[in-house]
Amino acid sequence: MKIGVLASQGAFAEHIAALGELGVEAVPVRLPRELDGLDGLIIPGGESTTISKLMLDYNLLSEIKNLAENGLPILGTCAGMIMLADKVPDSRVEPLGLMKIGIRRNAFGRQKESFETELPIAALGEKPFPAVFIRAPVIEESDEGVEVLARLKDGAIVAARQGKLLASAFHPELTGDLRFHQYFLNMITENGESGRESTAGERR
Ligand code: GLN
C-alpha cells in the first residue's frame, strides 16, 4: 500500500511519520504526477487559504477531485477537512467540494485557539482519542450520506466520513495514538476494493 501526503504546506511530515510507524509507505505529493499509483491521500492541516492557492497553482485541485470521484480514499485533517468540504464561506478558499459538509473556519475563537481533549470516537473503540485542536474548524452542517464520527460536548461535529472520504477537525498526527490513521487504512482496504496488498490489519 502506498499513501500520498499532500506536502504543499502544513503538517505533512508528521503524517508521513505516523504512516511509517504503521509500516505503510508514505510519499510527499507536491506535483500532479506524484499522485500516480496511490492507494490513498492525506491532506494535512495548515492554512487552508494557502493550501487552496497552492493546489490551484500546481494543478492539483482538478486532478485530486478526479481521482476522488473515481474512488481514491482521502483523509483531510483540519485545513485538509476544509479542503474536502463543499461549503466554505471564505472566497479565498476554493475547496475540492467532495464531502457534503459545511464548514466554519477558526470556530473556537481567540481564547481557545488550541486545546487538547479526550474525544469519544466509537469507531475507534472505547478508549477516547487524544484530539489536538489548533485554530480548528467545525462541521456546521452535513447532508445525508455523511456519517458523523465524533462530536464535542457542545454537539459540534469534529470528525465525519462519507464513503471513502474521512475528515477530522483535529490533528491525529500530533499524538502517539495511531488509531485514526489505522481507521483510514482499514477504510482503504475494506471490501477489498483497493490496496495492492493489505497491511491495514483487522477491521474493528
Ligand atoms: N485555521 C486554519 C484554516 O482555517 C486551519 C488550522 C489547522 O489546519 N491547524 O485554514
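According to our numbering, the sequence shown is numbered sequentially starting from 4.
Ideal placement from N, C-alpha and C gives every residue a C-beta, glycine not left out.
Per DSSP, the beta bridge partners of R107 are V141. With at least 16 other beta carbons inside 10 angstroms of its own, V149 counts as buried.
When secondary structure is reduced to three states using DSSP, P47 falls in the coil class, being assigned neither helix nor strand.
In the three-state reduction of the DSSP assignment, P35 falls in the helix class, which pools H, G and I.
As for any beta strand (DSSP E) of minimum length 3 sitting wholly inside the segment 123 to 177, the runs are 132 to 137, 141 to 145, 150 to 154, 160 to 165 and 168 to 171, ordered along the chain.
Secondary structure note for L9: its beta strand (DSSP E) is the uninterrupted segment K5 to L9. Under the 8 Å Cβ criterion, the segment 61 to 69 counts as touching the segment 97 to 109, having at least three qualifying pairs. Residue pairing by DSSP places M102 opposite A88 in a beta bridge. Within the chosen limit of 7 Å, the ligand GLN reaches the beta carbon of G48 through at least one heavy atom. With contacts defined as CB atoms closer than 8 Å, G13 and G43 fail to qualify as a contacting pair. Closer than 7 Å to some heavy atom of the ligand GLN: that describes the Cβ of A82. Approximately 5 Å separates the beta-carbon atoms of E176 and A21; this is inside 8 Å, confirming the contact.
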